[in-house]
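Presented below is the structure to which this report refers.
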Amino acid sequence: MSAKGKFITLEGIDGSGKSTIAKLLASNPDFSDFVFTREPTETWIGEAVNRAIHSDTDSIAELLLFTADHAEHISKLLKPSLDEGKNVISDRYSGSRYAYQGMTLADKFEDPMQWIQDIHSGWSLDPDLTILFDIDPAIAVERCGNRGEKTKFEKISFLEGVRENYLRLANENPAKFSVINANRPVDEIESDVVELILSII
Ligand code: ADP
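In my numbering, the protein residues as written are 32 to 232.
Next comes the structure, spelled out in structure tokens:
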């Protein structure tokens, strides 16, 4: 049996540049045998998540839809790919849930991030490396300005809380997180990300 593949996730607030870098990696010959994926997924459950994001859905219902999509993603794509020895890169993953829903559930639980992590425990798959694209929310929102319709998640005050949650996650698990300064030109960020990934595979 081949060795398990490595699992790398890209996290950060909206507009931090994750998708831009994911696209560049997907066209880089060094990563031609990698599986590229994202959350929410493009399955019907992922579509349901997108409907929740774009509507006034109860925050617990929304979290559970995200979590259902996550479970389906793991069992149908991530586990089989990693078991076959393929390396996988996911644009957003459970870190997004902890950081974003850690904000949307702040009025329901004393430590919402811990509560969300607890419901993932025992079945979710931990990444080998999470690359956190860290950026000032004001710059990120400005970048998204020309992206058309804004979701409820793209407000500066909300994103400031999300960023704090992400930095707390990184502080709690420095061995598995690499925080990069995403307020730089794309080519600089890309070369840092490529170096980080090549260093663990
Ligand atoms: P995310 O996937 O994190 O939400 P995107 O990759 O979609 O972010 O980037 C959001 C916007 O910012 C896009 O218009 C993109 O072209 C632009 N952008 C991405 N990275 C940079 C960068 N390093 N510098 C300036 N603009 C960027």
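Cβ coordinates follow ideal geometry from the N, Cα and C atoms, glycine included. Predicted model, so just to flag it, every value in this text is computed and none were measured.
When DSSP states are grouped into helix, strand and coil, Phe62 belongs to the helix group. Relative to the ligand ADP, even the nearest heavy atom lies 8 Å or more away from the CB of Lys139.
Of the other Cβ atoms in all chains shown, fewer than 16 fall within 10 Å of the Cβ of Ala34; this residue is therefore exposed. Annotation: Ala53 to Phe67 spans about 8 Å, alpha carbon to alpha carbon.
Relative to Glu103, the option among Leu156, Thr40, Asp122, Lys186 whose CA is nearest is Leu156.
With a threshold of 16 other beta carbon atoms within 10 Å, Pro205 falls short and is exposed. Comparing alpha carbon positions, the residue from Leu136, Phe164, Ala92 closest to Leu227 is Phe164. In the displayed model, Glu42 falls within a strand according to three-state DSSP.
At a threshold of 8 Å, Phe184 does not count as near the ligand ADP, since its beta carbon sits no closer than that to any of the ligand's heavy atoms. A distance below 6 Å between beta-carbons, with the five flanking residues on each side excluded, links Ile120 to the following residues of its chain, in chain order: Ile39, Phe65, Phe67.
The three-state secondary structure of Ile211, taken from DSSP, is strand. Contact check for Ala130 and Tyr197: beta-carbon distance about 5 Å, within the 8 Å limit, so the pair qualifies.
Beta-carbon to beta-carbon, His85 and Arg128 are separated by about 17 Å, too far to satisfy the 8 Å threshold. Nearest in C-alpha terms to Ala169, of all of Lys107, Ser188, Thr182, Ser152, is Ser188. For Arg128, the secondary structure class from DSSP, reduced to helix, strand or coil, is helix.
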